[in-house]
Amino acid sequence: MKPSPSQTLAAAALEQGATNATSKPLFVMPTAVNATNAFGTKILPPEADKGGKYVKGGLFSRSVPADWYEALYSGESTLANPAVGYPITGTTQFVSGTCFADPAVRNALVTFLTTTLGNTKFDATGAKISADMFTGVKTGKLGLRAQMGIAPLPKAWKVAVTESFLVRSKQKDSAGNLLADRNLYIQNGVPSKVLAKALGKALPATFVTADLPTTVNLSVTLAGKTKAYTNVEAGPNSACTIGSGL
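The sequence shown finishes on residue 245 if you use numbering that gives the first Met the number 0, and the numbering steps up by one all the way, no holes.
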């Protein structure tokens, strides 16, 4: 629907929700903001509250890949008939494995997805990245994705995706069950202070394959003192076996 700079095709302003029943019908353009608005506040990720935090149970499961799609188009409020935002809004699905034989592949994949969601804070030199670089939607501060006509995910979906697949989450449900124990996450090789300490190194801007631990439990000796680290985030998914995966 987005007009091309080199074409004469025009985008269509369409009615938002059922505003034709009001005295002031509202028509909106196909922008990144209006696409994100189409999610509203009722279209939630599987097993999540309105903020995207882990809440076990419900119609959909985080462990079932297809449920992340079904949650968009089934239930009380759906993206097929949004109450707000642009009424014709589609989604792209990213299908991936969890276990990868090469730590560098795992690291590259997670870094790509982290950046896509707008979670990356620093570039390869350690310089700070603007929060609007990839996902900005405000006039004058449009991020790279918005400029391509691709809207960033709403906050609840961003949180749910990040906590389920890109980190060794510490979120728990009401019964005290850890989300990380669902074993949905891919190894996270994104630099962190905890990882730097566990590796016994200064915090670098990026990691090479040799920096990535092959286990989640590390023992580091510095200046004659040994410290143990458990569940190090950059370690591989505990459900994966050495050499397994894509």
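The C-beta atom is built at its ideal place from N, Cα and C for all residues, glycine as well.
DSSP lists S218 as the beta-bridge partner residues of A227.
Taking 8 Å as the upper bound for CB-CB distance, L25 and T35 are not in contact here, some 17 Å apart. Sixteen is the threshold: since fewer than 16 other Cβ atoms of the shown chains lie within 10 Å of the Cβ of Q146, the residue is exposed. V94 carries a coil assignment under DSSP once its states are collapsed to helix, strand and coil. Excluding the 5 residues flanking it on each side, T97 has same chain C-beta neighbours closer than 6 Å at I185 and N236, in chain order. Remark: C-beta atoms of T114 and F133 approach each other more closely than 8 Å. By DSSP's assignment, K171 forms a beta bridge with L177.
DSSP links E14 through a beta bridge to F26.
Cβ atoms of R61 and R167 stay farther apart than 8 Å, at about 15 Å. By alpha-carbon distance to V27, the top candidate from A10, A179, G39 and R144 is A10. With respect to the C-alpha of E162, the residue from L112, D66 and G57 having the closest C-alpha is L112.
Less than 8 Å divides the Cβ of F59 from the Cβ of E46.
In the DSSP assignment, P151 falls outside any alpha helix (DSSP H) and carries neither an H nor an E. Counting only residues of its own chain and dropping the five nearest sequence neighbours on each side, E69 has a CB closer than 7 Å to the CB of F59.
Around the Cβ of F164, a 10 Å sphere holds 16 or more other Cβ atoms; the residue is buried. Shown here, K55 sits in coil according to DSSP, grouped into three states, outside any helix or strand. For L71, the uninterrupted alpha helix (DSSP H) run begins and ends at P64 to Y72, by DSSP. In this structure L43 does not touch K52 by the C-beta definition: roughly 10 Å separates them, more than the 8 Å allowed.
In this structure, the beta-carbon distance from T90 to L71 falls below 8 Å. A check of alpha carbon separations from G74 across K41, Q170 and T88 identifies K41 as the nearest. In the DSSP secondary-structure assignment, F121 is bridged to K127.
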